[in-house]
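Data first, discussion second: the structure below is written as C-alpha cells.
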Amino acid sequence: MLKCVEYGCPIIVLIIIAVLKISVDDTVKLERIKRIIVETSIDIMSLAISFVISFIIAIVNQINFENMSEMLATGFICFVVYILLLIFTVLSSKFFIRKYSETEKTLHLILGVAIGYLIAIPSLYHSIELLQSLGGV
C-alpha cells in the first residue's frame, strides 16, 4: 500500500499537470498533445528535484542522525546533478520540438520523448528512494 502512495501520488500530480496544460486552451489539438508529451519529462525532473530538496530539508532538521554529513553530501550531489540533468532535458526537449516543427518528422518527437524520459524517470525513482532511505522521517 505504501508503494502505491509513494509512486502513485507523484504520477497523479504529473497527470493532472499534463491534463491542465492540454485543456487550458479551448481547442485540444494533436500537435499540442505531442509537444506536452515531450515536455512532461521536464515536469518529472522538476518533481525529482523537489524530492531531493525535501530529502535535504529532512536531514537538516534531524538532530540525532548518525550519517548526517554523508547523507547531506549525497543530497547536495544529487541536487547539483539533477539541476544539470534538468538543463539538459529542457534543452533537448526544446531542440527536438523545434526540429519536429521544422520537419514534421515523428522521429524527432520519439527522440525527444526517449531522451527526456530515460533521464527523468530514473531520476524520479532515485529521488523517491532517497526519501525512503530516511525511514519514518
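According to the working numbering, the stretch in the sequence shown is residues 7 to 143, in order.
For glycine and all other residues, C-beta sits at the position ideal for the given N, C-alpha and C.
These figures come from a predicted structure and were not determined experimentally.
**Asked** Where do the ends of the alpha helix (DSSP H) carrying Lys40 lie?
**Response** Leu36 to Val66
**Item:** Whether Ser52 touches Leu115 by CB criterion (9 Å)
**Value:** no
**Message:** Classify Met74: buried if its beta carbon has 16 or more other beta carbons within 10 angstroms, exposed otherwise.
**Reply:** exposed
**Asked** Taking 9 Å as the CB-CB cut-off, is His132 touching chain B?
**Response** Absent from the structure is chain B; it holds one protein chain and no more.
**Prompt:** If you draw a straight line from the C-alpha of Tyr123 to the C-alpha of Gln68, how long is it?
**Reply:** 33 Å
**Message:** Please tell me whether Phe94 and Ile127 are closer than 9 Å, where the distance is taken between their beta carbons.
**Reply:** no
**Beta-carbon proximity of Leu97 to Pro16, cut-off 9 Å** = no
**Request:** Just the C-alpha distance for Tyr88 and Glu110, rounded to the nearest angstrom, thanks.
**Result:** 31 Å
**Item:** Three-state class that DSSP yields for Val11 in the structure shown
**Value:** helix
**Message:** Here's a check: name, in chain order, each residue in its chain whose Cβ is nearer than 6 Å to the Cβ of Val143, leaving out the five neighbours to either side.
**Reply:** At Val143 the pLDDT is 44, less than 50, meaning the model places this residue with poor confidence; the figure from the coordinates comes in the next sentence. Closer than 6 Å at Cβ, skipping near neighbours: Ala64.
**Request:** Check whether the Cβ atoms of Phe61 and Ser133 lie closer than 9 Å to each other.
**Result:** Yes. Within cutoff.
**Message:** Mapping the DSSP letters down to three states, classify Leu140 as helix, strand or coil.
**Reply:** coil
**Message:** For the alpha helix (DSSP H) containing Val87, name the first residue and the last one.
**Reply:** Met74 to Thr109
**Request:** Could you have a look at Thr33 and say whether DSSP puts it in helix, strand or coil?
**Result:** coil
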